[in-house]
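Chains as they are written, first to last, in the numbering used here: chain F, 1 to 254; chain X, 1001 to 1075; chain D, 2001 to 2358. Quick notes on the structure that follows.
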Amino acid sequence: MSLVFTRPKSLSERVTTYCPGCTHGIAHRLVAEVLDELDLREKTIGIAPVGCAVFAYDFFNTDFQQAAHGRAPAVATGIKRVLPESFVFTYQGDGDLAAIGTAEIIHAATRGENISVIFINNAIYGMTSGQMAPTTLVGQKTTTTPGGRDPKKAGYPLCITEMLALAPGAAYVARCSLHNVANIQKSKAAITKAFKMQVENRGFSVVELLSSCPTNWGMTPAQALKWIETDMIPVYPLGVFKDVTQEVAPGGDA
Amino acid sequence: MPKVVFSEDRCKGCELCVTVCPRKIIFIADRMNARGFRPATVTAMDKCNGCTLCARICPDTVIDVYRDAPAAKED
Amino acid sequence: MAEPVLIKGNEAIAEAAIRGGCRFFFGYPITPQNEIPEYMSRRLPEVGGVFLQAESEIAAINMVYGASGAGGRVMTSSSSPGISLKQEGISYIAAAELPCVIVNMVRGGPGLGGIQPAQSDYFQATRGGGHGDYRLIVLGPAGVQEAVNLMMGAFDLAEKYRNPVLILGDGALGQMMEPVVFPDYRGPAPTNKDWVTNGAKGREPRVINTLMLDPDDLYRHNLKLQAKYARISENEVKYEEYMTDDAEWVLVAYGTTARVCKSVVDQIRPEGRKVGVFRPISLWPFPKEPLAKLAGRVKSLLTVEMSMGQMVEDVRLSVNGKVPVHFYGKAGGLIPTRAEIRNKLLEVMGTSKGGDGR
């Protein structure tokens, strides 16, 4: 009998600090699998900005830099300009990328910065215990929208990934989901495409992963995955929004 | 015969594997692990077909999967 | 010795950075330092370096963090409001013990203020500026040649201590043109840094981190930083004394203001008045001991600044009540004139046992 599935080498042995059932663990593993498969581990520098996954540096067997909130694409730019042969990825939450970091992500994409971004969208601020995120849904209860998000006061959810696809420097822009194994596999395929874009020097790549936060959504892990499918996907449609290696109609499969 | 090996001390009892197993052979044990969680486990190993769905949805790389022949379909 | 060239302060600083080994510049336009990024955008590619105009001063300082962590000799430049934006990033760089050089060509503040020279960022530069217990090595050149000399050594200094170095200039220094002799290009920068994140090939992975949630760990880290700052304080104090050997009254000033003070001394000495200038060059570490020693043998000190009174607090701390410390300052972008300083000095001399005149 042979071992057909085990922890990838780019993932450290440490048990994560993430909540039970948190999809960060799945996303981390997918990234690590792709780093292994593309043989990138030894030249990778990951960037872990503020959010639950600030501790990502403990869970990957690669060099890492911890970055200030929102600034990961700028830190990545600094690293990649000094070490153009390295592999640089950021791992950012929805507050980091779509609130405080909107300038940095847009300009990294616009510059066609040859980096890869993993964007974890769980429609809430996890690390700080459940406040509204730019991606929080209308009507969703959070600790700063206790009556449910009212767009008249708190605005609408932000689909920033579609905007990034407009950047001329973007090579690959996709949104996937982690809510079941079939979509987890599609997510891995998208991450693989994104990382290959960097390896081939084609420009900026980003993969948004619809993710869960069972603790702050007040659900079981299994219920939370269901909520992604029933409530998040209608607002954040899955698909590939840009792929410079082929003609892609909006909403095509990853 | 395929089998799954659970590193029980890594498990946080999130039960995602329980929900995806197509053979419904994963369940939450009565015992507690070192972290204070009741881990997922399998007793009816003869019914396991090595599909790896449990391992792929596990956020904590608890599960190693063993199979005989080359994988039918792997990504 | 090379021929002197007539060159603008901002451009000289940029050229000196390149000769000192800088190969990466990230910055954003703001008056009165725009010639620095503009010069870098032309020259850095010529020496195989990288220039990038960032989307903001915040993005720029974070690019500096990343680049320094990856092992690059890197700098940024800005002016007062832009330096305010950078403060979180600077705190991170200091916490992670990354070397870099930051140039502030100070303009009138607070707020958007004016574009004319000022020295009102002294507190910001020497009292953190950003959050947490940290220090920057702060150097205040008083002319274009001195700015070149300090800049040439700034990257080595930053790497020696794994600390940011801040060059505190002002709008006048940046815009003035003076003859400068440029030292030769330095050799390649050292690359064998054992903390750099450049890919974990054949070694354990490294992390550049500023997060330490365990209070014991964070306290230990702070103790380590303070020990480093103590070493810097012992070794890197820089100052100049001008005609202080027999001085009874001493002007204390740095940067552009010190030049005006020197010309006050030149003018007033023939009248028989024994006046000198004590000019700090390192503003952090502040030359406390030499100043205290000097204070012991003069009648009083007059601190002159292009501010409402910032360095004067360090002067008072150093002097510790030994002699009166007076202050004269102008803000808003005005440079104190020789006549104004002279008048204040005469007033101070007249009230020989007077307290703080402002």
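Backbone N, C-alpha and C fix where the C-beta goes; we use that ideal spot for every residue, glycine too.
Query, Result
"Using CA atoms only, rank isn't needed, just tell me which of T142(F), L137(F), I160(F) is closest to F119(F).", "I160(F)"
"For K186(F), name the three-state secondary structure that DSSP assigns.", "helix"
"Going by C-alpha distance, which of G2333(D), H2326(D), A2331(D) is nearest E2347(D)?", "H2326(D)"
"Reducing DSSP to helix, strand and coil, say where S212(F) ends up.", "coil"
"In terms of residues, what are the limits of the alpha helix (DSSP H) holding F2123(D)?", "2122-2126"
"Could you tell me the alpha carbon to alpha carbon distance between C2100(D) and P1002(X), rounded to whole angstroms?", "56 Å"
"Check whether the Cβ of G975(X) lies closer than 8 Å to any Cβ atom in chain F.", "Residue 975(X) lies beyond the stretch modelled for chain X, which goes from 1001 to 1075, so this question has no answer here."
"Which residues of the segment 1043-1060 of chain X have a Cβ closer than 8 Å to any Cβ of chain F? Give them in chain order.", "G1050, T1052, L1053, A1055, R1056, I1057, C1058, P1059, D1060"
"Enumerate in chain order the residues of its own chain whose CB-to-CB distance from G130(F) is below 7 Å, with the five nearest sequence positions on each side excluded.", "I124, T142, T143, N216"
"Indicate the three-state DSSP secondary structure (helix, strand or coil) for L1016(X) in the structure shown.", "helix"
"Would you decide whether Y2161(D) is buried or exposed? Buried here means 16 or more other CB atoms lie within 10 Å of its CB.", "buried"
"Listing by chain order, which chain F residues have their CB less than 8 Å from the CB of P2205(D)?", "F60, N61, T62, D63, F64"
"At which residues does the beta strand (DSSP E) containing H2326(D) begin and terminate?", "2325-2329"
"Let me know the secondary structure DSSP gives S86(F) once reduced to three states.", "coil"
"Have a look at the DSSP bridge pairing and note the partners of E2240(D).", "R2279(D)"
"If contacts are defined as beta-carbon pairs under 8 Å, then I100(F) and G2069(D) qualify, I think. What distance do you get, rounded to the angstrom?", "Contact doesn't hold; Cβ gap of about 21 Å is too wide."
"Shorter than 7 Å, the distance from the beta carbon of R2107(D) to the closest heavy atom of the ligand SAM, or not?", "The ligand SAM is not part of this structure, which contains no ligands at all."
"If the cut is a Cβ gap below 7 Å, which residues of chain F does D1030(X) touch?", "Within chain F, no residue comes near D1030(X); the closest Cβ sits about 18 Å away, beyond 7 Å."
"Could you give the DSSP three-state label for I1026(X): helix, strand or coil?", "strand"
"So K43(F) contacts chain D; which residues on that side make the cut at Cβ distance below 7 Å?", "G2199, K2201"
"So T1019(X) contacts chain F; which residues on that side make the cut at Cβ distance below 7 Å?", "A222"
"State yes or no: is the C-beta of N2198(D) within less than 8 Å of the C-beta of S205(F)?", "no"
"In angstroms, rounded to a whole number, what distance separates the CA positions of P2045(D) and L209(F)?", "38 Å"
"Contact between the segment 2269-2276 of chain D and the segment 2222-2232 of chain D: three or more CB pairs below 8 Å?", "no"
"Determine, for V54(F), whether the minimum Cβ-Cβ distance to residues of chain D falls below 8 Å.", "yes"
"Closer than 8 Å, CB to CB, is V2050(D) near chain F or not?", "yes"
"Would DSSP call V2250(D) helix, strand or coil?", "strand"
"Do you know offhand how far R2019(D)'s Cα is from P2183(D)'s?", "8 Å"
"Could you check the C-alpha separation between A2147(D) and P2285(D) for me, to the nearest Å?", "18 Å"
"Provide the residue(s) that pair with I2007(D) in DSSP beta bridges, ordered along the chain.", "E2178(D)"
"Can you tell which of Y236(F), Q198(F), P73(F), S2(F) has its C-alpha closest to the C-alpha of L178(F)?", "Y236(F)"
"Exposed or buried, E2289(D), counting other C-beta atoms within 10 Å across all chains shown (16 or more means buried)?", "exposed"
"Would a C-beta distance cut-off of 8 Å place D1064(X) and V1005(X) closer than the cut-off?", "yes"
"Apart from the five residues on each side of it in sequence, which residues of its chain come closer than 8 Å, Cβ to Cβ, to G2355(D)?", "At G2355(D) the pLDDT is 44, less than 50, meaning the model places this residue with poor confidence and gives no usable figure here."
"Would you kindly report the start and end of the unbroken beta strand (DSSP E) that includes G2169(D)?", "2164-2170"
"Using three-state DSSP, classify L38(F) as helix, strand or coil.", "coil"
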